[in-house]
Each structure stands twice: as structure tokens, then as C-alpha cells.
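Asker:
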Amino acid sequence: SNPPANTEIAERASTRYTWIGMNMDHPKLKDINVRRAIQWAINVPQVLDTAYDGQSIAATGIIPPGIVGHRAKTLVPPEGDLSKAKELLEKAGVNGLTLSLDCTNDSQTSAIAQTVQAQLSQVGISLVVNARDPGTFWSLGVESEGDSWKDVQLFIMTFSGLPDPYDYVTWFVQDQVGIWNWQRFRSQRFDELNAKGLSINDPNERAKVYEDMQDLMEDSGAFRFLTNETNPILYRKTRMKAAMRPDGTPLYIDCKPVSG
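10 is the number of the first residue of the sequence shown in the numbering used here; add one for each residue after it.
Have a look at this one:
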């Protein structure tokens with residue numbers, strides 16, 4: 010990179026998480042072997058090279074690095090395995106499968122969708138990409154908005170959390186089905202761990218709870234974790250004389266550069 014004079018680029022931790030979800034209640038995706046085949050068919054590094062110019066690393070789950078519960082690795086390798094995917098489809102007795110993938114119509118998400126479309130074609134799955142405006146997309150899996158959730162199959166989702174693991178996992182409990190849990194993922198064990206994690210003070214013990222929860226999510230076949238994205242910051246190195254009110258509110262227009 011070539012930043013302007015007297016500036017620097019710094020990389021800061023991101024609290025975002027992007028993944029591909031699958032509606033477990035859709036007839037075409039009820040068989041876990043089909044869902045797992047899709048997990049294994051998606052090569053995450055290839056997706057990131059295309060959509061993020063290789064500037065983002067593969068996620069190990071929904072909880073990003075630096076937050077309690079971040080996993081060391083995924084159950085399914087980021088690179089996937091096309092042979093394994095084909096074996097799982099054969100086990101499910103499926104061939105000539107056509108699926109849809111819903112996503113927002115921004116360029117980055119569309120690049121993810123097109124890459125996944127090409128990858129799934131290698132195992133005989135035809136993927137129809139529905140790139141939608143945000144207003145339409147964010148209502149698709151919400152039961153209170155109508156019956157569109159019944160037609161949702163695959164989708165690309167991005168959330169952002171707070172620096173506590175609870176804020177990442179709580180959207181996937183059973184009570185969130187039809188609200189934010191578009192996968193319609195249901196696990197009594199997951200719900201129990203969600204409650205347990207709030208009562209633990211020891212960070213190592215607490216981390217194990219959230220690692221296990223992400224294992225349950227991935228093992229369901231309904232999630233393919235992609236990335237926690239990046240958070241680059243471009244800033245000037247100019248030293249500034251701060252100006253603020255007595256209560257600490259900054260007065261930016263009165264901040265002046267100083268020499269030395």
C-alpha cells in the first residue's frame with residue numbers, strides 16, 4: 010500500500026462475522042449430508058481472495074480473534090474438499106440439485122456469491138443467486154414479515170457483535186428461529202450452554218463453553234464460516250493540540266496541529 014504523506018495505516022480488531030447459512034427446514038436442505046456437502050464444497054480462502062483481495066483471513070467461527078471463545082480452528086477445513094463433498098451428496102442420494110442463495114446487492118457480497126456459485130457447480134450443484142436490496146433481504150427470514158422464510162435456502166449474512174461472546178451466540182438459540190436465526194437451527198444443548206456461559210467468571214472455562222457452541226453450529230451443517238473481515242484505519246501522524254469542553258466533549262474545529 011502507498012498511503013499519502015504523513016499518514017499511516019493500522020489494522021485493528023474487527024467484531025464482524027460473515028458466514029453462509031442454510032435453512033435447515035427447507036425440503037432441499039433437510040438432509041444433513043446435503044448441508045455438509047455444501048460446507049465441504051466451499052473453499053473459503055478462494056472466496057476471500059476474490060471478495061476481499063486476499064486481505065481478510067478465514068474465520069474459525071462467529072467469535073473473532075481477541076474475544077473469549079474464539080476457536081483455534083474449524084471442524085471443516087477452510088479449503089474444503091470437493092471429493093468429500095461429492096461423497097456426501099452421493100450418500101444423500103442427490104444429483105442435479107438446484108439451490109438458491111440470497112444476499113445483499115453490494116459488490117463485495119455479490120463477489121462472495123458468485124465465487125460460491127462456481128465452487129458448488131464443481132460438485133454438481135446449480136446455484137441461483139438472488140442479489141437483493143438491503144430492505145428486501147433483511148426481511149426474508151423473518152416470520153413476522155410473511156412467508157418468504159419458507160423459500161429461503163442459502164444466504165450470506167454479516168453481523169457485528171460487542172466484545173463479549175454472549176453477543177455473538179445468543180442470536181442462534183431456538184427462541185430466535187424466525188427472527189435472526191434464519192438457519193432455523195435448534196439445539197437444546199446450545200440453549201443450555203448459552204445460559205451457562207453467562208454464569209461463569211473464569212475466562213478459560215467460559216471460553217470452552219463458547220467453543221463448544223460453535224462446534225454445535227458447524228456440526229449441524231447449516232453454517233459455513235467465512236471471515237471476521239478487516240478493520241483498517243488510515244490516520245494522519247500530525248501531532249494535534251486538543252480542544253474540548255470542560256465535560257470532555259471534543260471541539261474538533263478548534264484542534265490545531267503543532268510542530269515538534
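Virtual Cβ for every residue (Gly too), placed ideally from N, Cα, C.
List the residues that DSSP assigns as beta-bridge partners of Val56.
Answerer: Position 47 of the sequence shown, counted from the first residue, corresponds to residue 56. Val56 pairs with nothing; no bridge assigned.
Asker: Starting from Arg3, follow the beta strand (DSSP E) in both directions and report where the run begins and ends.
Answerer: For residue 3 there is no data in the structure shown, the boundaries of the chain being 10 and 269.
Asker: Assign Asp142 to one of two classes, buried (16 or more other C-beta atoms within 10 Å of its C-beta) or exposed (fewer than that).
Answerer: The sequence position of residue 142 within the sequence shown is 133, counting from 1. Classification of Asp142: exposed, given that the 10 Å Cβ count is below 16.
Asker: Have a look at the DSSP bridge pairing and note the partners of Tyr26.
Answerer: Position 17 of the sequence shown, counted from the first residue, corresponds to residue 26. Per DSSP, Phe168.
Asker: Which residues share a DSSP beta bridge with Glu20?
Answerer: Along the sequence shown, read from residue 1 onward, the residue named residue 20 stands at position 11. Residue pairing by DSSP places Glu20 opposite Pro241 in a beta bridge.
Asker: Would the beta-carbon of Arg215 fall within 8 Å of that of Val56?
Answerer: Start at 1 with the first residue of the sequence shown, and residue 215 comes out as number 206. Start at 1 with the first residue of the sequence shown, and residue 56 comes out as number 47. No. Outside cutoff.
Asker: Can you tell me which of the three DSSP states Val137 falls into?
Answerer: Here residue 137 is taken as the residue at index 128 of the sequence shown, counted from 1. Residue state, collapsed to three classes: strand.
Asker: Use the C-beta contact count for Ser65: other C-beta atoms within 10 angstroms, 16 or more gives buried, fewer gives exposed.
Answerer: Walking along the sequence shown from the start, residue 65 turns up at place 56. Looking at its Cβ environment, which holds 16 or more other Cβ atoms inside 10 Å, Ser65 is buried.
Asker: For Pro174, collect the residues of the same chain with a Cβ closer than 7 Å to its Cβ; drop the 5 residues on either side in sequence, then sort them by chain order.
Answerer: Counting from 1 along the sequence shown, the entry for residue 174 is found at position 165. If you ignore the 5 residues before and after Pro174, its C-beta comes within less than 7 Å of the C-beta of Ile72, Ile76, Val77, Gly78, Gly206 and Tyr219, all in its own chain and listed in chain order.
Asker: Distance check for Val182 and Arg198, CA to CA, integer angstroms please.
Answerer: By one-based count along the sequence shown, residue 198 stands at place 189. By one-based count along the sequence shown, residue 182 stands at place 173. Near 10 Å, if we compare the C-alpha coordinates of Val182 and Arg198.
Asker: Suppose contacts are defined by Cβ-Cβ distances below 8 Å. Is Ile51 in contact with Gly105 by that definition?
Answerer: Position 42 of the sequence shown, counted from the first residue, corresponds to residue 51. Position 96 of the sequence shown, counted from the first residue, corresponds to residue 105. Contact flag unset, no.
Asker: Which residue wins for smallest C-alpha separation from Glu96, given the options Trp49, Ser153 and Asp115?
Answerer: For the purposes of this step, residue 96 is identified with residue 87 of the sequence shown, where counting begins at 1. Closest in alpha carbon position to Glu96, among Trp49, Ser153 and Asp115, is Trp49.
Asker: According to the Cβ coordinates, are Ile297 and Leu110 closer than 8 Å?
Answerer: A query on residue 297 cannot be resolved here, the shown segment of the chain reaching from 10 to 269 and no further.
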